[in-house]
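Residue numbers (the numbering used here), protein chains in the order written: chain A, 3 to 329; chain B, 21 to 362. Each residue gets a CB set at the ideal place from its N, CA and C atoms; glycine is no exception. Contents: one structure, followed by commentary.
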Amino acid sequence: MASYIAKRILVIPFLLFVFSILIFVLIQAPPGDFMTTYSAILAGSGSSLDAEQLDAMRVSYGLDQPLHIQYVRWIEKLLRGDMGLSLLYMLPNKQLIAERLGPTVALALFSFILSWLIAIPSGIYSATHKNSFGDYFFMVLNYIGVAIPNFFLALLLMWFFYVKFGWNLVGLFSPEFEAAPWSWAKFLDMLKHLWLPGIILALGGSARLTRVMRANLLDEMGKPYMVTGRAKGMSEWSLVMKYPVRLAINPLVSTIGNYIPQLFSGSLIVASVMNLQNIGPLLLQALSMQDMYLSGSILLVYCLLAILGTILSDLLLAWVDPRIRLE
Amino acid sequence: MDKKPVLSVRDLKAYFSLDEGIVKSVDGVSFDAWKGQVVGVVGESGCGKSVTMKSVLRILEKPGKIVGGEILLQKEDNPNEYIDLVKLPENGPEIRDIRGGRIALIPQEPMAAFSPVHTIGDQITEAIRLHRPVSKREAYKICIDTLHAVGMSMPEKRFNSYSWQLSGGLRQRAIIAMAIVSNPSILIADEPTTAIDVTTQAQILKLLKKLQQERDMTILFITHDLGVIAQMTQYVVVMYLGRVMEKGPVDDIFHNPKHPYTRALLDSIPSAQKTTKVKLPTIAGSIPHPFNKPSGCPFHPRCTKMIPNVCNIDPPAETVVGEDHVAYCFLYQNTKEVKDAA
Numbered sequence: 003m004a005s006y007i008a009k010r011i012l013v014i015p016f017l018l019f020v021f022s023i024l025i026f027v028l029i030q031a032p033p034g035d036f037m038t039t040y041s042a043i044l045a046g047s048g049s050s051l052d053a054e055q056l057d058a059m060r061v062s063y064g065l066d067q068p069l070h071i072q073y074v075r076w077i078e079k080l081l082r083g084d085m086g087l088s089l090l091y092m093l094p095n096k097q098l099i100a101e102r103l104g105p106t107v108a109l110a111l112f113s114f115i116l117s118w119l120i121a122i123p124s125g126i127y128s129a130t131h132k133n134s135f136g137d138y139f140f141m142v143l144n145y146i147g148v149a150i151p152n153f154f155l156a157l158l159l160m161w162f163f164y165v166k167f168g169w170n171l172v173g174l175f176s177p178e179f180e181a182a183p184w185s186w187a188k189f190l191d192m193l194k195h196l197w198l199p200g201i202i203l204a205l206g207g208s209a210r211l212t213r214v215m216r217a218n219l220l221d222e223m224g225k226p227y228m229v230t231g232r233a234k235g236m237s238e239w240s241l242v243m244k245y246p247v248r249l250a251i252n253p254l255v256s257t258i259g260n261y262i263p264q265l266f267s268g269s270l271i272v273a274s275v276m277n278l279q280n281i282g283p284l285l286l287q288a289l290s291m292q293d294m295y296l297s298g299s300i301l302l303v304y305c306l307l308a309i310l311g312t313i314l315s316d317l318l319l320a321w322v323d324p325r326i327r328l329e
Numbered sequence: 021m022d023k024k025p026v027l028s029v030r031d032l033k034a035y036f037s038l039d040e041g042i043v044k045s046v047d048g049v050s051f052d053a054w055k056g057q058v059v060g061v062v063g064e065s066g067c068g069k070s071v072t073m074k075s076v077l078r079i080l081e082k083p084g085k086i087v088g089g090e091i092l093l094q095k096e097d098n099p100n101e102y103i104d105l106v107k108l109p110e111n112g113p114e115i116r117d118i119r120g121g122r123i124a125l126i127p128q129e130p131m132a133a134f135s136p137v138h139t140i141g142d143q144i145t146e147a148i149r150l151h152r153p154v155s156k157r158e159a160y161k162i163c164i165d166t167l168h169a170v171g172m173s174m175p176e177k178r179f180n181s182y183s184w185q186l187s188g189g190l191r192q193r194a195i196i197a198m199a200i201v202s203n204p205s206i207l208i209a210d211e212p213t214t215a216i217d218v219t220t221q222a223q224i225l226k227l228l229k230k231l232q233q234e235r236d237m238t239i240l241f242i243t244h245d246l247g248v249i250a251q252m253t254q255y256v257v258v259m260y261l262g263r264v265m266e267k268g269p270v271d272d273i274f275h276n277p278k279h280p281y282t283r284a285l286l287d288s289i290p291s292a293q294k295t296t297k298v299k300l301p302t303i304a305g306s307i308p309h310p311f312n313k314p315s316g317c318p319f320h321p322r323c324t325k326m327i328p329n330v331c332n333i334d335p336p337a338e339t340v341v342g343e344d345h346v347a348y349c350f351l352y353q354n355t356k357e358v359k360d361a362a
């Protein structure tokens, strides 16, 4: 087991190296660079830079160098723990990302836990009450959850809460905490704003999870160990909870790895709609402005999270399933 | 032998209502089992053996349903009184006490009968604690003793094993241990040896016989292997398409079979002694589709001694053809004497 974990961890740097090349090439693929976008924006607002000034800035940012030189410079800095400077904000990328990583992870975790809390019980109910009214009720709810795009749901719910209760749930913090340093009060304020996007993201995820849970459980409930359990004299409820539920959850655990990056990218649209200052909108902005070092750094963080998520789900699976642990 | 049977199944009917129609899996089965007796239930696949046994335990899966008959279980404290298991609510506390407590099951598939993510010990101690108010520690001790009793080496080590870590034979022993752990008076063994190799099969049969004699258990032994029947049982019930064809003491069934179906079954066993170059006889035709059961005696379309306009009209009644020996066949309806139809 220890060697298995070590192997998984040792492979991370190699994977990140491969991903870094891919990310860099993809970001550089669209025509133009940051200076092109920058001058276009300036031109839009009336002022302008002449070609000489632009070229001077290109040289100072190193944008005049060929692709591979730029890459080597970037990776060299990354290895020293420096993510470079955002051309757009004129701030270190590390600082920009670090500020927003907390709320991003908090939102992802919250909606992840919530989606499991919704999916497992409703999946169990649907499977044990197959084809009953409740089963169909959850099924309809799930299809709605899958079918409604989450940004639309976000708009609907924001409107609903504003009209009905007068709550303004836009943004991640109340105005008074916007610029304040982190404190307990600021954290509580964030939670007050986080629950709605959390629920919106959880609904979409739980809809799929419920269907998977129901199908897995129905599958498990047909297994011969159910006959054994009944013949022992177990009550139906404790039998279902102890054996098939336990086994039906195993495949779900293996999906955690895929689910984590999905949560981050899923939160991008919702976060943009709800004006949440997490990583999603930052990435969107960086990409559209061709702020390549910022977007590169964010994407690399995403990749790292995806890899860690996969390792985490593998470890969890080994923990819950002895067939994997003892092999 | 006691005067009264410990279990008496009377005219049991268990039907499955499917979209396509009703399948009468068990259609009027009656037999008795006495204390300390091994009763063999034999028949082809789909003849209703397993459904009968699941009905006895009241664990028939939907859409299966018991629609008639009685399953009488002798009361432990008063041998003159019986409980009708059919009348008990399906998941009520009374039937759950009986399941695993008085009537235990050795299930059909040893490979899948245990949960793969719980240890053997966990699943056996669970069976103990469902029926006896003992502490975890005591349950552990009972479990280890029982694993010893079924001939498992190093029971302390096996306690923490998972079913898939054991060989087929050991797994079967663990299942037997789980079944007998609450000292049931009746053990239902549903084809306990079909999934294991012949050498292990012999050991398991020997073990079952030993346990049965030590504990004076009644075993209902379900199989389609006539060799196993001959070796293990004292009384045999022959089933075909949800009905009993013939039942009687094992010697009578093997040496003096009455029903043409029993004869046909016995004729189609290959023999090591006979070295004839003649083809092994088979029963002509195939088992009818369950939706399309023949009227009258279900065996009549394949029977060589079919009496036209008799066998295909109404099902034959029970006819006594010897001591404790009963056949359901029109050949013996008029005369109770043993008559050679040939």
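What residue range does the alpha helix (DSSP H) around residue i cover?
i         : result
B/Ile-91  : First-last for B/Ile-91: 84-94, but that is the beta strand (DSSP E), not the alpha helix (DSSP H).
A/Val-303 : 294-322
B/Ala-292 : Where B/Ala-292 is concerned, there is no enclosing alpha helix (DSSP H), given that its DSSP letter is neither H nor E.
A/Gly-206 : 186-223
A/Val-148 : 135-149
B/Val-58  : Here B/Val-58 belongs to no alpha helix (DSSP H); instead the beta strand (DSSP E) covers 58-62.
A/Ile-164 : Correcting the residue identity first, residue 164 of chain A is Tyr in this sequence and not Ile. Taken as a continuous stretch (DSSP letters only), the alpha helix (DSSP H) holding A/Tyr-164 covers 152-167.
B/Ala-133 : 130-133
B/Ser-306 : Unbroken run through B/Ser-306: none, as it is neither H nor E.
A/Asn-95  : 95-130
B/Lys-74  : 69-77
Please report the residue range of the beta strand (DSSP E) in which residue i lies.
i         : result
B/Gly-342 : 339-342
A/Ala-31  : That residue, A/Ala-31, is in no beta strand (DSSP E); it is neither H nor E in DSSP.
B/Ala-347 : 345-347
Within 10 angstroms of the Cβ of residue i, are there 16 or more other Cβ atoms? Answer buried if so, exposed if not.
i         : result
B/Glu-266 : buried
B/Lys-356 : Low per-residue confidence applies at B/Lys-356: pLDDT is 42, beneath 50, and the placement is therefore not dependable enough to give any value.
A/Lys-234 : buried
B/Lys-44  : buried
B/Asp-31  : exposed
B/Gln-192 : buried
B/His-168 : exposed
B/Asp-210 : buried
A/Met-37  : buried
A/Tyr-138 : exposed
B/His-345 : buried
A/Met-92  : exposed
A/Asn-277 : exposed
B/Asp-287 : exposed
A/Met-3   : exposed
B/Phe-311 : exposed
A/Ala-58  : exposed
B/Thr-324 : exposed
Distance cutoff 8 Å, beta carbons only. Does residue i sit that close to anything in chain C?
i        : result
B/Val-26 : In summary, chain C is missing from the structure at hand, where the protein chains are A and B.
Which partner residues of residue i appear in the DSSP bridge assignment?
i         : result
B/Arg-30  : B/Glu-90
B/Leu-38  : B/Gly-41
B/Leu-125 : B/Ile-208
B/Tyr-102 : B/Gln-94
B/Asp-117 : Bridge partners of B/Asp-117: none, in fact.
B/Glu-53  : A small fix is needed here, since residue 53 of chain B is Ala in this sequence, not Glu. In the DSSP output, where bridge partners are listed per residue, B/Ala-53 has B/Leu-27.
A/Leu-87  : A/Pro-94
What is the C-beta distance between residue i and residue j, in whole angstroms, given that I count them as a contact (C-beta under 8 Å)?
i         : j         : result
A/Ser-113 : A/Ala-204 : 4 Å
B/Thr-139 : B/Ser-181 : 6 Å
B/Leu-374 : B/Arg-122 : There is simply no residue 374 of chain B to check, as chain B begins at 21 and stops at 362 in what is shown.
B/Gly-188 : B/Pro-130 : 7 Å
A/Ser-128 : A/Thr-212 : 7 Å
A/Asp-323 : A/Asn-252 : 5 Å
B/Leu-225 : B/Met-198 : The Cβ separation is near 18 Å, so there is no contact.
B/Val-76  : B/Ala-34  : Actually they do not touch by this definition, with Cβ atoms about 10 Å apart.
A/Gly-282 : A/Phe-26  : Not confirmed; about 21 Å, so no contact.
A/Leu-90  : A/Leu-296 : 7 Å
A/Leu-352 : A/Ile-300 : Examination of residue 352 of chain A is not possible in this model, given that chain A is present from 3 through 329 alone.
Item checked: alpha helix (DSSP H) runs contained entirely in the stretch 213-285 of chain B, provided each spans 4 or more residues -> Within the stretch 213-285 of chain B, the complete alpha helix (DSSP H) runs of at least 4 residues fall at 218-235, 246-252 and 270-275.
Item checked: Runs of alpha helix (DSSP H) lying entirely within the stretch 234-287 of chain A, each at least 4 residues, in chain order -> Listed in chain order, the alpha helix (DSSP H) runs fully inside the stretch 234-287 of chain A are 238-244, 246-255 and 258-275, counting runs of at least 4 residues.
Next item on the list: Taking only runs that begin and end inside the stretch 138-222 of chain B, name each unbroken alpha helix (DSSP H) of 4 or more residues, in chain order.
Entry: Correct list: 140-151, 156-169, 175-179 and 188-200.
Check: For the stretch 11-75 of chain A, which segments carrying the alpha helix (DSSP H) assignment without a break, of at least 4 residues, lie completely within its bounds, in sequence order?
Finding: Restricting attention to alpha helix (DSSP H) runs no shorter than 4 residues, the stretch 11-75 of chain A encloses them at 36-46 and 53-63, ordered along the chain.
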